[in-house]
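Worksheet: the structure to be examined is printed underneath.
Number of protein chains: 2
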Amino acid sequence: MSKHALEEASDNGATDLEDLIGYNLKRAYIIVQSGFRDAQGEGGFSPRVFTALALTVKFPNITQSALARKMGIERSGLVAIVDELESKALLARARVPGDRRVQALVPTEAGQQAYDAAMASVRAHEQDVFSNMSESEKKMLLDLLRKVRKNEVS
Amino acid sequence: MSKHALEEASDNGATDLEDLIGYNLKRAYIIVQSGFRDAQGEGGFSPRVFTALALTVKFPNITQSALARKMGIERSGLVAIVDELESKALLARARVPGDRRVQALVPTEAGQQAYDAAMASVRAHEQDVFSNMSESEKKMLLDLLRKVRKNEVS
DNA sequence: GAATAATTGTTTACCCTCGTAACAAACTGC
DNA sequence: GCAGTTTGTTACGAGGGTAAACAATTATTC
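Going down the list, the protein sequences come from chains P and W. Convert by adding 22 to the 1-based position in the first sequence; the result is the number in this note's numbering. Convert by adding 22 to the 1-based position in the second sequence; the result is the number in this note's numbering.
Okay, structure coming up:
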């Protein structure tokens, strides 16, 4: 563990906040999220509502419990999100024949279109906030973030 | 813009949530933050309180306004954070001779020690949550996140 | 087949983080 | 001296999230 005196000067436990990945992750996330909200505009989607719609489009007839699990939030928290999307007629709660407990979520035509439009807007926004990075750098960042997620314990 | 039919199959606007940097950034941040709280334990620091203490240690006699600016939050939000740290006697609000408005923040001896201990814990936690990445990968991720922050418009 | 356990959606209550608006006190520029 | 600005502070509300309890329904176990 002990190192040369010369190295100690720059390695003597004087870790800075700026050297922590977690700190930089947080600050970067705040920037991107803030840009996301601006890109979505006034009546636009919040990140979590957009995520819920996106997953419902990708996995039609998904259960609320399954969607909550996929989003990493509690079932109780998802209720308001689905309420909001249903009130805008972007998806519907459908009963399934076999199990009278579950609510299968199905996107409406308007929901599909709203998702497409929002996704286009998000892609344009990402083009913008990462404009100082090359395509290979963006891909590298994406891969590294996926690797972080892959290591999740839960 | 138009591409060959062969390419269109994999590039026809069917962007997935998982392909968005922002989405992966959020999920990765949630994992790291959650680990941070676990690592700090019951009476430990929240991320923002830790950040405030760290910056006070690094920049003693910093003004509350300057600290808020550095943290990217409003002055009003910092009051409760400083209150908490002051109530634990980890820092003190000191009046400065020249300007009777400002409160210069100075870490106490206990504050310095608490910071050192918390930082050690955070470093151990980062060692853990990024354990499936090589040192060079971690450095790459750090550099890329810094580049994202560097492009901030605000 | 009856009893027990688990799952689903929901409501309610609560916590944390943050922003906005207003304010008094103090400072600055002119 | 006076308008404008800065500093710390309070009050209020929005937003995102968890935890606990609950009825309805389904699964499991004996």
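All C-beta atoms in this analysis are idealised placements derived from N, C-alpha and C, irrespective of residue type, glycine included.
- For the pair P:Ala-140 and P:Ala-111, the CB atoms are not nearer than the 9 Å cut-off.
- In the structure shown, P:Arg-91 falls within a helical segment according to DSSP collapsed to helix, strand and coil.
- For P:Val-170, the nearest CB of chain W lies under 9 Å from its own CB, placing it at the interface with that chain.
- Within the same chain, and ignoring the five residues on either side of W:Gln-86 in sequence, the residues whose Cβ sits closer than 6 Å to its Cβ are Leu-100 and Gln-125.
- W:Lys-161 sits exposed, since fewer than 16 C-beta atoms from the chains shown fall within 10 Å of its C-beta.
- Proximity of W:Pro-69 to chain P, defined by a Cβ-Cβ separation below 9 Å, is satisfied.
- Only Gly-35, Thr-37, Asp-38, Leu-39, Glu-40, Asp-41, Leu-42, Ile-43, Gly-44, Tyr-45, Asn-46, Leu-47, Lys-48, Arg-49, Ala-50, Tyr-51, Ile-52, Ile-53, Val-54, Gln-55, Ser-56, Gly-57 and Phe-58 from the segment 31 to 61 of chain W bring a Cβ to less than 9 Å from some Cβ of chain P.
- Per DSSP, P:Val-128 is one residue of the beta strand (DSSP E) stretching across 125 to 129.
- With its beta carbon at least 9 Å from every one in chain W, P:Thr-130 lies outside the interface.
- Below the 7 Å Cβ cutoff, chain W contributes Leu-39 as neighbours of P:Ala-76, in chain order.
- Bridge partners of P:Ile-84 according to DSSP: P:Leu-127.
- Sixteen is the threshold: since fewer than 16 other Cβ atoms of the shown chains lie within 10 Å of the Cβ of P:Val-118, the residue is exposed.
- Taking the beta carbon of W:Thr-85 as reference, no residue of chain P falls within 7 Å; the closest one sits roughly 18 Å away.
- The beta carbons of W:His-147 and W:Asp-38 sit no closer together than 9 Å.
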